[in-house]
Amino acid sequence: MIENKTYRSIFSPCSAQEREENFSSYWIFSQQHAGELLEEDKDLANKREKLNYFQGNPVRSRNPLPNPEIFYRNYVEFKDNPQSIDRKTLLLTTIYKFARHEWVGISGAWDITPSMAEAKTLTDKISRVHLAEEFCHVRFFHEMLKTFHLDRVEWLPLGPVKQKIYKIFPRLPGFLMDTPAFVTELMGMTFYQHLDKLFEEVFADEPETRQRLQEILHEIMIDEMAHVGQRRNFIGPNGVRAARLMLAPLYRAFFRDIPEAKYLFDIEKMIQDGLAFDYNSVSPSLLARSWVPSYCQV
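According to numbering that gives the first Met the number 0, the residues represented by the sequence shown are 0 to 297, in order.
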């Protein structure tokens with residue numbers, strides 16, 4: 000039986016000319032999709048409108064966490080034995096830790112990325128909007144946590160060593176930064192795909208809450224799958240080869256820093272999905288609202 004596929008691997012070869020054309024294509028998409036950049040607020044008009052919708056039509060869990068204080072004791076750094084904690088709490092602490100890494104990383108990058116007024120190239124403009132979208136994702140994640148009546152969550156810096164690494168990383172030259180940046184976007188997308196499935200299982204007892212969580216997550220995934228292709232545009236053949244090699248160790252290292260993740264997610268399967276990523280695993284309804292590089296389309 001021949002499997003019909005609409006998309007090629009994200010690691011598919013492409014020419015420098017194709018990459019330039021796809022930067023232009025992505026820029027047009029992002030302007031329509033994200034809306035006006037509200038630079039002072041690190042926000043985007045269309046994303047703000049969507050967040051206002053979620054906040055103006057709140058959904059709150061009817062089955063509270065067994066003990067919310069367990070979440071607050073462990074959400075920054077896990078102090079208890081994860082095996083003794085209920086899966087809902089574990090999943091919410093994992094979401095916070097994942098988003099916290101994202102927040103710290105983009106905060107460092109925002110400070111050194113040219114503002115829109117100072118941007119001299121199309122890629123500078125793309126990067127500025129990309130970072131603003133990531134700040135919007137953190138706000139979406141915060142709304143997820145509030146769905147479970149977790150109203151005392153704070154977004155705190157990481158430890159001094161990790162904080163310094165995140166400050167140094169965006170200052171690296173492109174030939175050093177672009178490949179790991181692509182892999183981290185791909186890791187985000189595969190994590191969100193696994194998270195989407197886990198919502199179905201862990202929150203099966205709360206259909207309304209699960210639907211809201213997935214609704215918020217899907218807004219993030221639409222951006223993230225576009226970011227995967229956009230970051231792929233920055234790397235050529237050598238970068239693609241390097242990305243394949245660094246993907247597994249980078250995934251493992253990242254999730255080692257979230258000790259509860261291994262009790263919820265199959266990290267090795269996530270790695271396999273990252274290496275095999277070709278957009279065919281994404282819901283058509285989400286793909287219709289996102290962007291895919293031309294060289295990944297059949």
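We treat Cβ as the ideally placed atom computed from N, Cα and C, and that holds for glycine.
Go ahead and label residue i buried or exposed: buried means 16 or more other beta carbons lie within 10 angstroms of its beta carbon, across all protein chains shown.
i	result
Met-0	Below a pLDDT of 50, predicted positions are generally treated as unreliable, and Met-0, at 35, falls in that range; no measurement from the model is reported.
Phe-10	buried
Ile-84	buried
Val-297	exposed
Gly-55	exposed
Gly-173	exposed
Asp-186	Checking the sequence shown, residue 186 turns out to be Met, not Asp. Under this definition Met-186 is a buried residue.
Ser-280	exposed
Glu-132	buried
Ile-266	buried
Lys-4	exposed
Ala-242	buried
Lys-124	buried
Gln-16	exposed
Ser-282	exposed
Among the options, which residue has its Cα nearest to the Cα of residue i?
i	options	result
His-32	Cys-295, Ala-225, Pro-12 and Asp-85	Ala-225
Val-75	Lys-268, Glu-259, Arg-127 and Leu-246	Glu-259
Asp-110	Asp-265, Leu-244, Arg-209 and Ile-167	Ile-167
Glu-214	Gly-104, Ser-284, Ser-23 and Asp-42	Ser-284
Met-188	Tyr-294, Pro-57, Gln-271 and Cys-13	Gln-271
Ile-69	Phe-53, Arg-86, Arg-61 and Arg-59	Arg-86
Phe-276	Phe-190, Ile-94, Pro-159 and Lys-163	Phe-190
Leu-286	His-193, Gly-228, Phe-198 and Thr-120	Gly-228
Phe-254	Glu-48, Thr-93 and Tyr-6	Thr-93
Ile-257	Pro-67, Lys-78, Tyr-294 and Gln-16	Lys-78
Ala-203	Leu-216, Asn-62, Arg-231 and Asn-237	Asn-62
His-129	Lys-163, Arg-230, Arg-240 and Val-160	Arg-230
Phe-290	Cys-13, Lys-196, Ile-27 and Thr-120	First, the residue type needs correcting, since residue 290 is Trp and not Phe in the sequence shown. For the residues Cys-13, Lys-196, Ile-27 and Thr-120, the minimum Cα distance to Trp-290 belongs to Ile-27.
Leu-212	Arg-240, Cys-295, Phe-53 and Cys-13	Phe-53
His-141	Leu-244, Pro-57, Ser-23 and Ser-29	Pro-57
Looking at residue i: is its Cβ nearer than 8 Å to the Cβ of residue j?
i	j	result
Phe-139	Ile-219	yes
Pro-292	Asn-21	yes
Tyr-71	Arg-18	no
Leu-50	Thr-88	no
Arg-46	Cys-135	Note that residue 46 is Lys in the sequence shown, not Arg. Cβ atoms of Lys-46 and Cys-135: closer than 8 Å.
Leu-263	Leu-90	yes
Ala-108	Pro-169	yes
Ser-60	Phe-147	yes
Leu-274	Leu-246	yes
Tyr-278	Tyr-6	yes
Val-103	Gln-192	no
Got a sec, what are the start and stop residues for the alpha helix (DSSP H) residue i sits in?
i	result
Lys-4	Taken as a continuous stretch (DSSP letters only), Lys-4 belongs to no alpha helix (DSSP H), as it is neither H nor E.
Gly-173	173-201
Ile-27	15-33
Ser-106	86-111
Gly-273	266-274
Asp-40	Here Asp-40 belongs to no alpha helix (DSSP H), and DSSP marks it neither H nor E.
Glu-207	206-231
Asp-123	121-145
Gln-162	159-167
Quick check: is the beta carbon of residue i nearer than 8 Å to any beta carbon in chain D?
i	result
Tyr-165	Checking the listed chains, one finds no chain D in this structure; it contains a single protein chain.
The region 34-46 touching the region 170-188, judged by at least three CB pairs closer than 8 Å: Too few Cβ pairs lie closer than 8 Å, so no.
Do three or more CB pairs link the region 149-168 to the region 93-108 at distances below 8 Å? With the cut-off at 8 Å, the region 149-168 and the region 93-108 touch.
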